[in-house]
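J.: Got a structure for you, questions after.
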Amino acid sequence: MEFKDYYQILGVERSASAADIKKAYRKLARKYHPDVSKEADAAARMAEVNEANTVLSDPEKRAAYDALDRQAPHRAGQDFRPPPNWDAGFEFTGPPDGEGMDAAAFSDFFEQLFGRAAHAQRSQRGQHRSGAFAHDAATGAGPQQRGRDHHASIELDLRDAYHGADRTLSLRGARLDASGHLVNEERQLQVSIPKGVREGQLIRLGGQGGPGLGGAPAGDLFLEVRFKPDARWRAEDRDVYQSVTLAPWEAELGGPIQVQTPGGATVEVTVPPHWKPGRKLRLKERGIPAATPGDLYLELHVALPPATTEAQRQAYRALAQAFPQFQPRATAFTSSQGA
Numbered sequence: 001m002e003f004k005d006y007y008q009i010l011g012v013e014r015s016a017s018a019a020d021i022k023k024a025y026r027k028l029a030r031k032y033h034p035d036v037s038k039e040a041d042a043a044a045r046m047a048e049v050n051e052a053n054t055v056l057s058d059p060e061k062r063a064a065y066d067a068l069d070r071q072a073p074h075r076a077g078q079d080f081r082p083p084p085n086w087d088a089g090f091e092f093t094g095p096p097d098g099e100g101m102d103a104a105a106f107s108d109f110f111e112q113l114f115g116r117a118a119h120a121q122r123s124q125r126g127q128h129r130s131g132a133f134a135h136d137a138a139t140g141a142g143p144q145q146r147g148r149d150h151h152a153s154i155e156l157d158l159r160d161a162y163h164g165a166d167r168t169l170s171l172r173g174a175r176l177d178a179s180g181h182l183v184n185e186e187r188q189l190q191v192s193i194p195k196g197v198r199e200g201q202l203i204r205l206g207g208q209g210g211p212g213l214g215g216a217p218a219g220d221l222f223l224e225v226r227f228k229p230d231a232r233w234r235a236e237d238r239d240v241y242q243s244v245t246l247a248p249w250e251a252e253l254g255g256p257i258q259v260q261t262p263g264g265a266t267v268e269v270t271v272p273p274h275w276k277p278g279r280k281l282r283l284k285e286r287g288i289p290a291a292t293p294g295d296l297y298l299e300l301h302v303a304l305p306p307a308t309t310e311a312q313r314q315a316y317r318a319l320a321q322a323f324p325q326f327q328p329r330a331t332a333f334t335s336s337q338g339a
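Here the working numbering is used: the first residue of the sequence shown is 1, the next is one more, and so on.
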């Protein structure tokens, strides 16, 4: 995936005001609009210009994009993968009913950064319309408009899914000041994380979105759950995969071992003898809790103890003498050929 330098695409400085961005966009739109342009690549250039304007004209998206560029600076066209959970804590205003969010109109770069949560938010919202107008005929009150929904991501430990949790969430947003320059803002919310949440699930906080107009209710805030990367385990839907390291004698001879699960319990499991690469042990219903819980899969790996003393080195020599016919390279070659 290529990094997109939206400022370069519009030809503006990173300190550009909202008026500067609007002026640059209009100039390029007149140049590349397919209805009037004679440029050979007008349609592709216009799509790039529209995408850059979508990000830089939105204070929240622009603030997040700027933060990403500081965190992982790249030049235009360089291969790019966003850091894990790069946008955790950024609050975005969702478009009403998904307008302007046709995935086909945007690059993979945009979709990776801004598309996923917005699409998920629309799906979750269902019939919950944001931006609908109403008029109170009885009182003669002016038009009312429900506040716009917002979305953000929340980064959790996998263990929070087993027990639930209360968290203080700091959300970063942005607005334009009177001169059209970007001003960062922050607010804090107390959030109750329900037991059994999954990666990608949306937690809805009613009334925590944008304010309503004319006495209409505020919009909602949708928090997309993401789990912090952890070398010990990972989740796939409600199933959890946990790495378990065995000593060589445990791997070959088998027998009982004790394992601490992500849920905090210590369980005894029996390792079958004659370990093989890729072997897993399934612990039924030890995954993420639910009416139908997921399973916990123990992925077995072998670790060799270091030989730091003469006695330990001698033990390895004795092991080599005990297995004179063992040919590890030949075994590896045979295994790879049969894979």
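We treat Cβ as the ideally placed atom computed from N, Cα and C, and that holds for glycine. As the structure is a computational prediction, the values presented were derived from the model and not from experiment.
(1) Output the distance between the C-alpha atoms of F326 and A320, rounded to the nearest integer angstrom.
(2) What does the alpha-carbon distance come out to for the pair G200 and Q260?
(3) Would you mind reading off the limits of the alpha helix (DSSP H) that contains H163?
(4) Between which two residues does the alpha helix (DSSP H) carrying A52 extend?
(5) Excluding the five sequence neighbours on either side, which residues of its own chain have a C-beta within less than 6 Å of the C-beta of A376, listed in chain order?
(6) Rounded to a whole number of angstroms, what is the C-alpha to C-alpha distance between H33 and A43?
(7) Relative to the alpha-carbon of A178, which residue among L56, A19 and V271 has its alpha-carbon at the smallest distance?
(8) Would you be able to state if there are at least three C-beta pairs under 8 Å between the stretch 296-303 and the stretch 238-245?
(9) Just to confirm, are L202 and L223 a CB contact at a threshold of 9 Å?
(10) Determine the direct distance from the alpha carbon of D220 to that of P59, and round the result to whole angstroms.
(11) Report yes or no: do the stretch 144-153 and the stretch 272-285 share at least 3 C-beta pairs separated by less than 8 Å?
(12) Please check the pair E51 and F106, which I expect to be a contact at CB under 8 Å, by giving their CB distance rounded to whole angstroms.
(13) By Cβ distance, which residues of its chain are closer than 7 Å to E252, with the 5 residues on each side in sequence left out?
(14) I need the DSSP call for D295, collapsed to helix, strand or coil.
(15) Determine, using beta carbons only, whether S17 comes closer than 9 Å to chain D.
(16) Report the residue from I154, D41, F80 and Q8 whose alpha carbon sits nearest the alpha carbon of Q188.
(17) Taking the alpha carbon of N85 as the point to measure from, which residue in K38, P256, Q190 and Q112 has its own alpha carbon closest?
(18) Counting only runs that start and end within the stretch 231-302, where is the alpha helix (DSSP H) found for 4 or more residues in a row?
(19) If you draw a straight line from the alpha carbon of P83 to that of A235, how long is it in whole angstroms?
(20) With P59 as the anchor, note down where its alpha helix (DSSP H) starts and where it stops.
(21) Decide if A16 is buried, meaning its Cβ has at least 16 other Cβ atoms within 10 Å, or exposed.
(22) Looking at R286 and V267, is the spacing between their C-beta atoms short of 9 Å?
T.: Answer, in terms of the structure:
(1) Cα to Cα, F326 sits roughly 8 Å from A320.
(2) The alpha-carbon atoms of G200 and Q260 are separated by roughly 25 Å.
(3) The continuous alpha helix (DSSP H) containing H163 extends over residues L158 to H163.
(4) A52 -> alpha helix (DSSP H) spans A42 to L56.
(5) Since the first and last residues shown for the chain are 1 and 339, residue 376 lies out of range.
(6) Taken atom to atom, the span from the alpha-carbon of H33 to that of A43 is near 7 Å.
(7) Ranking the options by Cα distance to A178, first place goes to A19.
(8) Three or more Cβ pairs closer than 8 Å define a contact, and the stretch 238-245 meets that threshold against the stretch 296-303.
(9) For L202 and L223, yes; Cβs fall inside 9 Å.
(10) It is roughly 19 Å from the alpha-carbon of P59 to the alpha-carbon of D220.
(11) Result no; under three Cβ-Cβ pairs closer than 8 Å.
(12) Contact annotation, E51 with F106: C-beta distance approximately 6 Å; criterion of less than 8 Å satisfied.
(13) Around E252: P273, H274 and W275.
(14) In the three-state reduction of the DSSP assignment, D295 falls in the coil class, being assigned neither a helical nor a strand state.
(15) The chain inventory of the structure shown lacks chain D, comprising one protein chain alone.
(16) The alpha carbon of Q188 has as its nearest neighbour, out of I154, D41, F80 and Q8, the alpha carbon of I154.
(17) Selected option, being the one with the closest Cα: Q112.
(18) The qualifying runs are 248-253.
(19) Taking the straight line joining both Cα atoms gives about 19 Å.
(20) Where P59 is concerned, the enclosing alpha helix (DSSP H) stretches over P59 to Q71.
(21) The residue is buried, with at least 16 neighbouring Cβ atoms inside 10 Å.
(22) The answer is yes: Cβ separation under 9 Å.
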